[in-house]
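Trainee: Chains as they are written, first to last, in my numbering: chain E, 1 to 332; chain Y, 1001 to 1442.
We put the CB at the ideal spot given by N, CA and C, even for glycine.
These numbers were taken from a predicted model, which means no experiment stands behind them.
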Ligand code: SF4
Ligand code: SF4
C-alpha cells in the first residue's frame, strides 16, 4: 500500500445528513431577516434597539449560566429567543424592559429547566408573559407606525424603573379596534403591515412568505402552523355560522394580531411542541381553539401567547398519548 | 405529484447522497488470485460451520472445507486450489477474532473452476434443492448474510405465493447488485425461477430502484415468455432493501410486528443470491466468490470486482491502486450499515458487499441535547420513536423499551443519519435491544 493511513473506528452510519441544531437555529434566524427588516421599516430605529436589547438580555443570561463555557451559545438558540421575543413587543416599549424580558425568558424559560431541549415552555413567550404581567400598561401601549426612521420615542430610552414620560402617540391595534369598537380593519392593511401592533406581527405577507420558505426547506414540521391556522379558521367560521355577524370572521382572525408570527415561529419550536405527527395536529387544533376563545370571550383582545403557553403545558401529555403505531402493529 | 406517486416506495426513510457515479458503469472484473485466503467459519447468521479439513491437507477450488452445523448454518468452501495452512483465530470484519480456515493458494494450479458433474439438478424435489443450496454455502449476499436455504424451506402448513428479489441496492456507493443485474440478467432470472419452483411461488417480482434504468431494461428484456415475473421500479430511498420496507413498497402491506415475510406468503432474496443459486445449478459452483464494490473518495481506482471469498481486504484495495493518504476510514458493507475496520487483513466474507474508503469522519462527534424535532420519527421505516427509545435505553428502562417495540428496530441507522443533535441513536437502539434480550424475559 502506498501509504498506510491511520484508520479510525467509529460505528455506522458513516454518512450524516449534515444538519445540526446550530444549522437549524440559523436557518430560522436567516428566515427572520425579512421579518426584522419589515419591523425596522415600519417602526424605525426603535425596532433595532428593541431587538438588540432583548437579544442582549437572552444571550447574557445564557452565557452566565452555561456550565460548559460558551458552548451552548454557539447553537444560536439564545439569539433566536431574543429576536423572537423582540418581535412580540410593542414598538414603544422601553429598551430596559426588553432586556429584562430576554433575560427572564432564557433564565426562567430555559436555563432552570436544564438548558436547550429540556424546557417545557417557549422561552420567548415566557419572557413576554413576564413582561405582560410586570408591565401591563407598557405592554399594551401601541405607538402609531410610520414615524421617520431615526425618530426615537423618549419611552424607548427610559431609565429602568423610572416612570416613562407619557408621550407616545398611541393608537389601537386591529384586534383592539375589533374587540372594543367593533371596527374591522381590512385585509390589505393587515397583510401589508400598515397597522399598529407588535414589532414583528403586522406584516402578514412577509410572515406567510417566511413560513412557506421554512416549510419547503423542512426546517420545521409544517403540520404545526397549518393545523393552528386551520383550527383558528374553523372555530371562527363556526362562531360566525352560529353566532352571527357579532363575531370576527376567519380571514380577519387569521391575519390580525400575533397569530401569523406565533404560527410560524412559536408553534413550531420543536422543543416545546409535540414531536409526533398526530401530536402536531392536536397541538395546533388546541392552539387555534384557545386563540379564538381568548380573543372572543377573554378580557384581552389578543390570545396567541397564552394559547401557545397553555398548549406547551399539555405537550408532554400529547406526546404520551400519540406515540406512533409500530410498523405492522395494530390500529392502521 | 402524479409521477411521484406512480413510482412505488415504502413510507418514511431517508435520502442519503447516492455516490454511485464512480462505479455504476464499471463492468465486473475478476480480482486476481493472491497467496493466502482466510475463511471464517462464521460468515452467516446462525451457528458457525464445522471444519472438515486438517492443516496440511490439499484442497481443490470449490471443495467443501467446513460443513453446516445444524439447520441455521451454512457450508464454507475453498476459493482456491491449495493447501490448508492453519485453522486458527483471525480478525473478522465484525471486529472480533474468530476461528478461520487459512488456505494457501497453489501458485502452479490453474485455478479454473472445474464444472461439476455431480451438480444439483433442477428437477430435484424442493427439499433436495434446499439441501443443495445449504451445502453450497449460499447465504444472503445483500449484507445480512442470512442462510438462503432457511428462507426457502417452507414449513409444513405454510405456503409461499410471491417471491421477491431485492435489487434495490439502496446503500450509497454500492453498485455490485446493479452490475450483476445489468450484466447477468439471465442468471438473476434463472435464480428467481428456481426460488419460485422451490417455494411454490406463483409470481415473482424484482424490486429495482429507478436509479438503475439499464438494469431494469435488461431484466425486462430477458424475462422468458410466459414467466409470471414483474420488474418493479421503485423510488430511490433508503432503506428500501430491508425486507419489510421492500414488501411495503411493492405490496403496500406491512409484515405484522414479530412476524416474518413468510406470514404474508412472501419470500425475499437478494438478486446476487439468486445469481449464485443459478450458478450452482448451471455448473455446480458453490459460493466461493462474490461481487464487491470498491469505492469511496479514498480509493484511487474504484471498481466492481468479482472477489474470491477470503481475499484480504488489503489485497483488494491494493488491486485498486491503494488508499489515498487522506483516508480516515475503511468500511466493509455500505456506509449506512457497514462496519469500520482498523485492520485491513480482515478477509472479504460472504456478506461483504462493498469496501468503501472514506476520507472524513461522519460528524457524529458533537452530541447536543435532543431538541425533539421529530426528524428521527419521520425517518424511521418501522414507525418507532427513536428519540424516546434512546432516552429509555440510557435509563435502562427495559419494560418500557419493550413496550415501545425496540425489538422491531432493524438498525438501519436512518434515525442517526437525520438527527441534527448528532445523538448516536442507532447505537442506543443496539444497547436497548441488548438490554431487552438480556433482561426482558420476565
Ligand atoms: S432527530 Fe435527534 S434531535 Fe430530533 S427528535 Fe430525534 S433524537 Fe431528538
Ligand atoms: S429506530 Fe431502528 S429501524 Fe428506526 S430508523 Fe433507527 S435504526 Fe432504523
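Note the first and the last residue of the continuous beta strand (DSSP E) segment covering residue 1230/Y.
Mentor: That run of the beta strand (DSSP E) goes 1229-1234.
Trainee: Between 1437/Y, 1130/Y, 1417/Y and 1421/Y, which has its C-alpha nearest residue 1171/Y's C-alpha?
Mentor: Closest by alpha carbon: 1417/Y.
Trainee: Consider the Cβ of residue 1329/Y: report whether some Cβ of chain E lies at a distance smaller than 7 angstroms.
Mentor: For residue 1329/Y, the answer is yes, since a Cβ of chain E falls inside 7 angstroms of its Cβ.
Trainee: Given this structure, state the Cα-to-Cα distance separating residue 17/E from residue 1016/Y, to the nearest angstrom.
Mentor: Rounded to the nearest angstrom, the two C-alpha atoms are 7 angstroms apart.
Trainee: By Cβ distance, which residues of its chain are closer than 6 angstroms to residue 1203/Y, with the 5 residues on each side in sequence left out?
Mentor: Within the same chain, residue 1203/Y has close Cβ partners 1162 and 1228.
Trainee: In this structure, does DSSP put residue 1105/Y in helix, strand or coil?
Mentor: Note: residue 1105/Y maps to strand in three-state DSSP.
Trainee: Relative to ligand 1, is the shortest distance from any of its heavy atoms to the C-beta of residue 1288/Y smaller than 6 angstroms?
Mentor: Flag unset: Cβ of residue 1288/Y not near ligand 1.
Trainee: Within 7 angstroms of any Cβ in chain Y, is that where the Cβ of residue 78/E sits?
Mentor: Residue 78/E does not count as touching chain Y.
Trainee: If we define contact as Cβ-Cβ less than 7 angstroms, is residue 1128/Y a contact residue for chain E?
Mentor: Chain E, which has no Cβ nearer than 7 angstroms to the Cβ of residue 1128/Y, makes this no.
Trainee: Considering only C-alpha positions, which residue in the set 1327/Y, 1340/Y, 1145/Y and 1033/Y is nearest to residue 1307/Y?
Mentor: The shortest C-alpha separation from residue 1307/Y is found at 1033/Y.
Trainee: At the 7 angstroms Cβ level, is residue 1280/Y part of the contact set with chain E, yes or no?
Mentor: No, because no Cβ of chain E sits closer than 7 angstroms to the Cβ of residue 1280/Y.
Trainee: Output the distance between the C-alpha atoms of residue 291/E and residue 319/E, rounded to the nearest integer angstrom.
Mentor: For residue 291/E and residue 319/E, the distance between alpha carbons rounds to 21 angstroms.
Trainee: Would you say residue 1405/Y faces chain E, with C-beta separation under 7 angstroms as the test?
Mentor: With 7 angstroms as the cut-off, residue 1405/Y counts as an interface residue toward chain E.
Trainee: Just list the alpha helix (DSSP H) runs in the stretch 1196-1270 of chain Y, keeping only unbroken ones of 4 residues or longer that don't cross its boundaries, in chain order.
Mentor: 1213-1222 and 1243-1251, all fully within the stretch 1196-1270 of chain Y.
Trainee: According to DSSP, simplified to helix, strand and coil, what is residue 1002/Y?
Mentor: Since pLDDT at residue 1002/Y reaches only 42, below the 50 mark, its modelled position is unreliable, and no value is offered.
Trainee: Determine, using beta carbons only, whether residue 1412/Y and residue 270/E come nearer to each other than 7 angstroms.
Mentor: Taking 7 angstroms as the Cβ cut-off, residue 1412/Y and residue 270/E do not qualify as a contacting pair.
Trainee: So, under 8 angstroms CB-CB, residue 1008/Y and residue 1304/Y are touching, yes? Tell me the CB distance rounded to an integer number of Å.
Mentor: Going by Cβ atoms, the distance from residue 1008/Y to residue 1304/Y rounds to 27 angstroms, so no, they are not a contact pair.
Trainee: Would you give the residue range spanned by the alpha helix (DSSP H) that residue 1164/Y belongs to?
Mentor: Here residue 1164/Y belongs to no alpha helix (DSSP H); instead the beta strand (DSSP E) covers 1162-1167.
Trainee: State buried or exposed for residue 1326/Y, treating a residue as buried only when at least 16 other CB atoms are found within 10 Å of its CB.
Mentor: So residue 1326/Y counts as exposed.
Trainee: State the CB to CB distance for the pair residue 1198/Y and residue 1139/Y, rounded to an integer number of angstroms; the pair is presumed to be in contact (CB under 8 angstroms).
Mentor: Actually they are not in contact, since the Cβ atoms of residue 1198/Y and residue 1139/Y sit about 16 angstroms apart, beyond 8 angstroms.
Trainee: Where does residue 299/E fall in DSSP's three states?
Mentor: Residue state, collapsed to three classes: coil.
Trainee: Flag residue 13/E as yes if its beta-carbon sits less than 7 angstroms from any beta-carbon of chain Y, otherwise no.
Mentor: Yes, because at least one Cβ of chain Y sits closer than 7 angstroms to the Cβ of residue 13/E.
Trainee: Do residue 1296/Y and residue 1357/Y count as a contact pair if the criterion is CB distance below 7 angstroms?
Mentor: Contact: yes.
Trainee: Under the criterion of a Cβ to heavy atom distance below 6 angstroms, does residue 1375/Y qualify as lining ligand 1?
Mentor: Checking the Cβ of residue 1375/Y against ligand 1 gives yes.
Trainee: Three-state secondary structure (DSSP) at residue 1053/Y?
Mentor: Three-state result, residue 1053/Y: coil.
Trainee: Using beta carbons (cut-off 7 angstroms, strictly below), is residue 8/E in contact with chain Y?
Mentor: Taking Cβ atoms only, chain Y reaches closer than 7 angstroms to residue 8/E, which makes this a yes.
Trainee: Under 7 angstroms between the Cβ atoms of residue 231/E and residue 285/E?
Mentor: Against a cut-off of 7 angstroms, the Cβ pair of residue 285/E and residue 231/E comes out as a contact.
Trainee: Tell me which residues share the same chain as residue 1/E and place their Cβ nearer than 8 angstroms to its Cβ, disregarding the 5 neighbours each side in the sequence.
Mentor: Residue placement at residue 1/E cannot be trusted, given a pLDDT of 48 that sits under 50; what the coordinates show is reported in the next sentence. Closer than 8 angstroms at Cβ, skipping near neighbours: no residue.
Trainee: Can you tell me which of 1177/Y, 1041/Y, 1075/Y and 1073/Y puts its alpha carbon nearest to the alpha carbon of residue 1023/Y?
Mentor: Comparing Cα-Cα distances from residue 1023/Y to each of 1177/Y, 1041/Y, 1075/Y and 1073/Y, the minimum goes to 1177/Y.
Trainee: For residue 216/E and residue 133/E, I'd like the C-alpha separation in whole angstroms.
Mentor: Distance between the alpha carbons of residue 216/E and residue 133/E: 37 angstroms.
Trainee: Within a Cβ cutoff of 6 angstroms, which residues of the same chain sit near residue 295/E, ignoring the five residues on either side of it in sequence?
Mentor: So the qualifying residues of the chain are 303.
Trainee: For residue 1059/Y, name the three-state secondary structure that DSSP assigns.
Mentor: It is a strand residue.
Trainee: In angstroms, rounded to a whole number, what distance separates the CA positions of residue 1018/Y and residue 1173/Y?
Mentor: Going by the C-alpha atoms only, they are around 6 angstroms apart.
Trainee: Hey, does residue 271/E have any beta-carbon neighbour from chain Y nearer than 7 angstroms?
Mentor: Judged by the 7 angstroms Cβ criterion, residue 271/E is in contact with chain Y.
Trainee: Quick one: which chain Y residues come within Cβ less than 9 angstroms of residue 325/E?
Mentor: What residue 325/E touches in chain Y: 1383.
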